[in-house]
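Beneath this line is the structure, given in structure tokens, with notes to follow.
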Amino acid sequence: MMRDLHDHLKTRYRLGDLAERRANLAFVDVARADLRALLVELRDVHGFTHLSLLTAVDWIEEGRFQLTYLMNNRTANRSLGLRVFLDRADPVGDTIHDLWPTAATYQRELREMFGIAFPGSPRVDEEFILEGWTDMPPYRRDFDTLAYSQQTFSDREGRETHDPRAHMAKKLNPEGQR
Amino acid sequence: MGNLRDVLSPFTAWKHLIETPVTIRNPIGREAADGYRGFHQNDIEKCIGCGSCEVICQNAAIDMVPVSAPVDGDSGLRPKIDYGRCCWCALCVDVCMTGSLTMSNEYTWVDADPDAFRFIPGVDPKPWDDMEKGYRREGARVLTGAERVEMGELPPEARIDNFDEIVVGYTREQAMIEADRCVECGLCVATCPAHMDIPDYIAAIREGDYDLGLQILYETNPFSEVCGRVCTHKCETACAARHEGDPIAIRWLKRHIVDNVSEDRRLEIVGTPQALPTGRKVAIVGAGPAGLTAAYDLARQGHAVTVYEAQDKPGGMMRYGIPEYRLPYDALDRDIAVIAAQGVTIKTGVRIGREIAMDKLRGEFDAVVLSIGLHIGRSTRIPGTEGPGVEAAIDLLARITAGEEVPVPERVVVIGGGNVAMDIARSMARLQKRKHGAVGVTVTALEDFAHFLADREEIEESFDEGIEIVDARGPQEVVRYKSGKRKGAVKGLRTWAVTSIFDGQGRFAPQYDQGDERLHPADMVVEAIGQAADVSILGEDLTEALEWTRGRLAVDPAGRSSEPWLWAAGDAVHGPDVITAVADGHRVAASVGAMLMAMGEVAR
Ligand SMILES: Cc1cc2nc3c(=O)[nH]c(=O)nc-3n(C[C@H](O)[C@H](O)[C@H](O)COP(=O)(O)OP(=O)(O)OC[C@H]3O[C@@H](n4cnc5c(N)ncnc54)[C@H](O)[C@@H]3O)c2cc1C
Ligand code: SF4
Ligand code: SF4
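Chains as they are written, first to last, in our numbering: chain A, 1 to 178; chain B, 179 to 782.
This is the structure in structure tokens:
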């Protein structure tokens, strides 16, 4: 059970409370310094051999990024997500490409989309899917997608929109009566 | 140059020319996954044109375009999508307030004309319109909350022996959560008789700027404290949120703003008339919401306004009709104080037509506004209604307000199924509880519960307070004791079951099952079946000179009667509620003001 595993691990690692989403899916916060050792132990001792994904969340209000490492134990059919927090002002993560080669791709994507650095990760500074991107990393919450889209792409001729409230006022109350 | 990339991107693509293509040469015919996000579908009947899809689209791919004539709760606009911009993210589907917008799993379509890729899903026919597969939002919408924040109320046992206000009002936290559910589409504005700027004042709550909120309220409604409590809130029937959840509690949010601005601060924000005195004089007959709103506007235009009111205090039905447990008198007083502060003279205890004749007003003022409401209680005129023990609901309510002693027998039967019937039933129940320790009120209504006139909340709260409501009963006779000590006193109300209320032409013609007869025991019967205007005050000559339509004074859309010096507003000509009276007051003030300005021009 996830809970037993959590109890077992928390004596040696700095872990937060276990957040159980489903019987076979749970998440836990981990101190950044403990991440690598914990990943290795989960992989080599507890059967979490597969890194399902590595992704990030921008908690802009709290000034930090969350990295989520979703680990899967195929034989036991359960997943455990490890959450590590980075300072948003200076976001540097620790590369784990040597533990799972696929991590390099995820890290390259996070570098591009969130601007999180992973020093030492192969090809991490190369373009991933954005070509010639000069703007702020687009998955950051303060990136204004609409403004970017409007600056970058022109509208087709003849586009015209109507504000529902103003349109109704004009049609139903043409004299502007209060 | 903002669109540089449009021009350059074809060239940057050239570098791929020599690479082996990774695309499939002819994808047509290969079906996408079941839940794929392809071209949109829109159920045009279900869509209300709220524009939430347009607002959320981060690619500015959607325009709202006119498709049909706007009606209450539907702008008649429908989303038109530019697939040159759409990135197929489905945010529009996720936010859609009605669930009308979905996506098919069709993603291939070839056309040489780029403008063919701008169309109105559901209006411009497409092969994928009826496809079952594609992206559907799972369950109800979640991006905006579907459930209304519940309003705190005094429990029945705490309210039944007093007239304390039942509704508690939102806390700041509650109001914030409720305000956050609003998508600011503004469909409600057209439905509100006074066209209040609802999304704007809700936004002010979200910003925590109550001063701004109050300012917005006053632009359209000087009775916002009253309306925040008792408005019939038609706006909520037009709210986009009602389609997949509860409508926004617009009325309670309005009240929340007013609750958070002190009376002194309100006077500071609203201020006093900025216009120079015009020297023009207007008389207003009746200090209800219609008359006082007109007074407020006209005073702010710089005219000298005198309001004549027959009762001891101003407010009309807001004071003498609506019970205190729904609208405390001090709440009404605060709204009136701001109006009086505009320099409006309110002369109470003066009945026009008795103390002062209409002719005299006509001679002394440049214009007269008649806003006398409906103050004569109608009677069923069934046998037995003449004599002691039969009362009109509005007379009783007025006497309760005035602090007069009213008869409080142990058993009361009310005739009527509207909100006025509920108001008198619940008022009598409180008085009975105080005097006898028990409630003994029966309401008999012509309508069955499925077609009841009173609001659902009123019915539920009445039940909670121990009031009996019997539906589909037609009153036949007020039965009186024929002999003995109580000879002549009311014994009860005899009713028949109602089988239908209207005839084939929709005319009022109730039919009964005479075999199903009941006697509802009562010591007093109260009639609450409607009110009429007391137009006798006009006098014979004026009544003769004026135009009438079906017993009501005829007025033009601006509220002007056939006599150029006389306007009419509120219940007496329109009805049925406070906010309509407020709207009427504004309308009449604008018309009177325009006439007075024209007079000024001529004089100069
Ligand atoms: C019991 C009851 C409950 C109601 N509940 C609600 C509710 O919850 N929500 C809602 O929106 N509406 C409600 N209404 C309706 C609402 O009160 C009226 O629609 C509104 O008050 C009409 O405003 P008015 O200015 O036209 O007239 P009124 O409010 O009726 O005011 C007219 C005024 O004119 C005065 N007057 C009459 N004749 C003369 C004269 N000859 N000389 C001098 N003064 C005169 C009267 O004394 C009165 O003060 C209720 C009505 C009743 C009766
Ligand atoms: S799918 Fe996304 S990009 Fe396309 S119209 Fe909807 S919100 Fe806009
Ligand atoms: S959000 Fe839905 S209901 Fe509103 S306009 Fe768009 S498609 Fe219509």
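Don't be surprised by glycine CBs; every beta carbon is placed ideally from N, CA and C.
Check: In angstroms, rounded to a whole number, what distance separates the CA positions of residue 179 of chain B and residue 151 of chain A?
Finding: On the second sequence, residue 179 of chain B is found 1 positions in, with the first residue counted as 1. On the first sequence, residue 151 of chain A is found 151 positions in, with the first residue counted as 1. Note on residue 179 of chain B: pLDDT 41, under 50, position unreliable in the model; the coordinate value appears next. Residue 179 of chain B and residue 151 of chain A have their C-alpha atoms spaced approximately 9 Å apart.
Check: Does the distance from the C-beta atom of residue 251 of chain B to that of residue 369 of chain B stay below 9 Å?
Finding: As a working mapping, residue 251 of chain B is identified with position 73 in the second sequence. As a working mapping, residue 369 of chain B is identified with position 191 in the second sequence. Yes, Cβ-Cβ distance for residue 251 of chain B and residue 369 of chain B is below 9 Å.
Next item on the list: Just list the beta strand (DSSP E) runs in the region 666-753 of chain B, keeping only unbroken ones of 3 residues or longer that don't cross its boundaries, in chain order.
Entry: 668-680, 686-699, 702-705 and 744-746
Notebook entry, point to check: Got a sec: which bits of the region 241-269 of chain B sit with their beta carbon under 8 Å from any beta carbon on chain A, in order along the chain?
Noted result: When C-beta distances to chain A are compared with 8 Å, the residues of the region 241-269 of chain B below that value are 241, 242, 243, 244, 247, 248, 253, 254, 255, 260, 262 and 263, in chain order.
Notebook entry, point to check: When every heavy atom of ligand 2 is checked, does at least one fall within less than 8 Å of the C-beta of residue 215 of chain B?
Noted result: The residue labelled residue 215 of chain B in the question sits at position 37 within the second sequence. Yes - ligand 2 has a heavy atom lying nearer than 8 Å to the Cβ of residue 215 of chain B.
Check: Just to confirm, does residue 282 of chain B get its C-beta within under 8 Å of one of the non-hydrogen atoms of ligand 3?
Finding: What you label residue 282 of chain B is simply residue 104 of the second sequence in a count that begins at 1. No, the Cβ of residue 282 of chain B stays beyond 8 Å of every heavy atom of ligand 3.
Check: Short check: CB of residue 221 of chain B to CB of residue 279 of chain B, under 9 Å?
Finding: As a first step, residue 221 of chain B is located in the second sequence; it is residue number 43 there, counting from the start. As a first step, residue 279 of chain B is located in the second sequence; it is residue number 101 there, counting from the start. Contact flag set, yes.
Notebook entry, point to check: Under a CB-based cut-off of 9 Å, is residue 765 of chain B close to chain A?
Noted result: As a working mapping, residue 765 of chain B is identified with position 587 in the second sequence. Judged by the 9 Å Cβ criterion, residue 765 of chain B is in contact with chain A.
Note to self: By DSSP's criteria, residue 260 of chain B is part of a beta bridge. Which residues make up the other side?
What the structure shows: Within the second sequence, residue 260 of chain B is the residue found at index 82, counting from 1. Beta-bridge pairing links residue 260 of chain B to B:296.
Note to self: Helix, strand or coil for residue 13 of chain A? Go by DSSP, reduced to three states.
What the structure shows: As a working note, residue 13 of chain A is residue 13 in the first sequence. Three-state DSSP puts residue 13 of chain A in coil, outside helix and strand.
Item checked: Proximal residues to residue 150 of chain B (C-beta, below 6 Å), its chain only, five neighbours per side dropped -> Summary: the structure shown does not reach residue 150 of chain B, with chain B confined to residues 179 through 782, and so no result is reported for it.
Margin query: Here's a check: name, in chain order, each residue in its chain whose Cβ is nearer than 7 Å to the Cβ of residue 585 of chain B, leaving out the five neighbours to either side.
Written below: Locating residue 585 of chain B in the second sequence gives position 407, counting from the first residue. For residue 585 of chain B, where only same-chain residues beyond five positions count, the Cβ hits under 7 Å are 702.
Checklist line | Test item: CB-CB of residue 477 of chain B and residue 457 of chain B under 9 Å | finding: Numbered from 1 along the second sequence, position 299 holds the residue referred to as residue 477 of chain B. Numbered from 1 along the second sequence, position 279 holds the residue referred to as residue 457 of chain B. For residue 477 of chain B and residue 457 of chain B, no; Cβs fall outside 9 Å.
Next item on the list: May I ask you to check if the CB of residue 255 of chain B is nearer than 8 Å to at least one heavy atom of ligand 2?
Entry: Against the second sequence, residue 255 of chain B aligns to sequence position 77. Because no heavy atom of ligand 2 lies under 8 Å away, the Cβ of residue 255 of chain B does not count as near it: no.
Note to self: Judging by CA-CA distance, which residue of B:473, B:358 and B:267 is the nearest neighbour of residue 428 of chain B?
What the structure shows: The count along the second sequence starts at 1 and reaches residue 428 of chain B at position 250. Checking every option, the nearest Cα to that of residue 428 of chain B belongs to B:358.
Item checked: Opening and closing residue of the alpha helix (DSSP H) in which residue 430 of chain B lies -> By 1-based counting over the second sequence, the position of residue 430 of chain B is 252. Start and end: 428-437.
Next item on the list: Can you tell me which of B:329, B:210, B:248 and B:239 puts its alpha carbon nearest to the alpha carbon of residue 297 of chain B?
Entry: Here residue 297 of chain B refers to the residue found at position 119 when the second sequence is read from its first residue. Considering only alpha carbons, the answer is B:239.
Checklist line | Per-residue burial, residue 146 of chain A [other beta carbons within 10 Å of its own, 16 or more giving buried] | finding: Translated into positions along the first sequence, residue 146 of chain A becomes position 146. Residue 146 of chain A is exposed by the Cβ-count criterion.
Margin query: Tell me the residue span of the alpha helix (DSSP H) that contains residue 468 of chain B.
Written below: Residue numbering aside, residue 468 of chain B sits at position 290 when the second sequence is read from its first letter. Residues 467-478.
Notebook entry, point to check: Using a beta-carbon distance below 9 Å, is residue 180 of chain B in contact with chain A?
Noted result: Here residue 180 of chain B refers to the residue found at position 2 of the second sequence. Caution is warranted here: a pLDDT of 45 is assigned to residue 180 of chain B, below 50, making its placement in the model unreliable, and no coordinate value can be reported.
Notebook entry, point to check: Is there at least one Cβ from chain B nearer than 9 Å to residue 172 of chain A's Cβ?
Noted result: Here the question's residue 172 of chain A lines up with position 172 in the first sequence. Output row for residue 172 of chain A: interface = yes.
Margin query: Please report the straight-line C-alpha distance between residue 520 of chain B and residue 451 of chain B, rounded to a whole angstrom.
Written below: By one-based count along the second sequence, residue 520 of chain B stands at place 342. By one-based count along the second sequence, residue 451 of chain B stands at place 273. One C-alpha to the other measures close to 6 Å.
Check: Nearest-angstrom Cα distance between residue 629 of chain B and residue 736 of chain B?
Finding: Counted from its first residue, the second sequence places residue 629 of chain B at position 451. Counted from its first residue, the second sequence places residue 736 of chain B at position 558. Taking the straight line from one Cα to the other gives about 34 Å.
Margin query: So that I know if they touch, is there some Cβ in chain B lying closer than 9 Å to that of residue 25 of chain A?
Written below: In the first sequence, residue 25 of chain A corresponds to position 25, counting from 1. Under the 9 Å criterion on CB atoms, residue 25 of chain A is classed as non-interfacial with respect to chain B.
Note to self: Could you check if residue 264 of chain B belongs to the surroundings of ligand 2, using beta carbon to heavy atom distance under 8 Å?
What the structure shows: Within the second sequence, numbered from 1, the residue matching residue 264 of chain B stands at position 86. Checking every heavy atom of ligand 2 against the Cβ of residue 264 of chain B, one is found closer than 8 Å.
Check: Rounded to a whole number of angstroms, what is the C-alpha to C-alpha distance between residue 511 of chain B and residue 316 of chain B?
Finding: Taking the second sequence and counting its residues from 1, the one referred to as residue 511 of chain B is at position 333. Taking the second sequence and counting its residues from 1, the one referred to as residue 316 of chain B is at position 138. Their backbone Cα atoms lie some 50 Å apart in a straight line.
Next item on the list: Return yes when the C-beta of residue 269 of chain B is under 8 Å from any heavy atom of ligand 3, and no when it is not.
Entry: The sequence position of residue 269 of chain B within the second sequence is 91, counting from 1. No, since every heavy atom of ligand 3 falls outside the 8 Å radius drawn around the Cβ of residue 269 of chain B.
Item checked: Partners in chain B for residue 146 of chain A, counting only beta-carbon separations shorter than 7 Å -> For the purposes of this step, residue 146 of chain A is identified with residue 146 of the first sequence, where counting begins at 1. Those within 7 Å of residue 146 of chain A in chain B are 236 and 238.
Notebook entry, point to check: Quick one: Cα of residue 236 of chain B to Cα of residue 261 of chain B, how far?
Noted result: By one-based count along the second sequence, residue 236 of chain B stands at place 58. By one-based count along the second sequence, residue 261 of chain B stands at place 83. In a straight line, the C-alpha of residue 236 of chain B is about 13 Å away from that of residue 261 of chain B.
Notebook entry, point to check: Is residue 109 of chain A close to chain B, meaning its C-beta is less than 9 Å from at least one C-beta of that chain?
Noted result: If you number the first sequence from 1, residue 109 of chain A lands on position 109. No, its Cβ sits nowhere closer than 9 Å to a Cβ of chain B.
Note to self: So if DSSP puts residue 525 of chain B in a beta bridge, which residue, or which two residues, is it bridged to?
What the structure shows: Counting from 1 along the second sequence, the entry for residue 525 of chain B is found at position 347. Paired residue(s): B:486.
Check: Taking 8 Å as the cut-off, does the CB of residue 226 of chain B come closer than this to any heavy atom belonging to ligand 3?
Finding: Here the question's residue 226 of chain B lines up with position 48 in the second sequence. Answer for residue 226 of chain B: yes, Cβ within range of ligand 3.
Item checked: Beta bridge counterpart(s) of residue 20 of chain A as assigned by DSSP -> By 1-based counting over the first sequence, the position of residue 20 of chain A is 20. DSSP lists A:26 as partners of residue 20 of chain A.
Margin query: With a threshold of 9 Å between beta-carbons, can residue 165 of chain A be considered close to chain B, or not?
Written below: Taking the first sequence and counting its residues from 1, one reaches residue 165 of chain A at position 165. Judged by the 9 Å Cβ criterion, residue 165 of chain A is in contact with chain B.
Checklist line | Within 9 Å, strictly: CB atoms of residue 444 of chain B and residue 392 of chain B | finding: For the purposes of this step, residue 444 of chain B is taken as the residue at position 266 of the second sequence. For the purposes of this step, residue 392 of chain B is taken as the residue at position 214 of the second sequence. In contact: residue 444 of chain B and residue 392 of chain B (Cβ atoms closer than 9 Å).
Notebook entry, point to check: Count the other CB atoms within 10 Å of the CB of residue 674 of chain B; is the residue buried (16 or more) or exposed (fewer)?
Noted result: Taking the first residue of the second sequence as position 1, residue 674 of chain B is located at position 496. Buried, because 16 or more other Cβ atoms sit within 10 Å of the Cβ of residue 674 of chain B.
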